[in-house]
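Those letters in the sequence shown? Residues 292 to 393, by my numbering. We treat Cβ as the ideally placed atom computed from N, Cα and C, and that holds for glycine. The structure appears below as structure tokens.
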Amino acid sequence: MNSKVITLKKPGEFVEDPLTELLRTGARQLIADAVEAELQDLLQYYAELRNEKGHMQVVRNGYLPEREILTGLGPVKVKVPKVRDKSGQGIKFNSALLPPYL
């Protein structure tokens with residue numbers, strides 16, 4: 292065989308080492324905190340939108356299914372919160388930081 296042949300890793304393979312995993316965990320937490328801040332801004336914006344009983348019309352409503360986004364550190368799992376719009380105006384939460392679900 293030719294000794295000048297180099298075996299390349301397959302695209303999509305990421306190194307699994309303790310430091311990289313620590314960085315991914317930190318990235319996951321930073322993304323979660325930033326998305327949570329975005330959601331709180333949206334809820335605060337619509338806080339005055341209330342029904343005749345005084346109940347808020349735009350409220351937090353769990354999370355979308357967890358998914359992976361690709362970062363410079365490799366794939367990072369994220370959960371995006373969702374809101375319920377009881378006013379019927381079609382208000383939705385879309386993070387400016389994360390790509391939309393496909």
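- Of all alpha-carbon atoms in T362, Y392, S386, G381, the one lying nearest the alpha-carbon of E312 is that of T362.
- Annotation for I382: no beta strand (DSSP E) segment contains it, and DSSP assigns it neither H nor E.
- Counting along the chain, the unbroken beta strand (DSSP E) around I360 starts and ends at 358-362.
- V371 carries a coil assignment under DSSP once its states are collapsed to helix, strand and coil.
- I360 and Y392 have their C-alpha atoms some 10 Å from each other.
- A distance of 8 Å or more separates the beta carbons of V350 and R319.
- The three-state reading of DSSP puts P309 in helix, counting H, G and I together.
- Under DSSP, R341 shares a beta bridge with M347.
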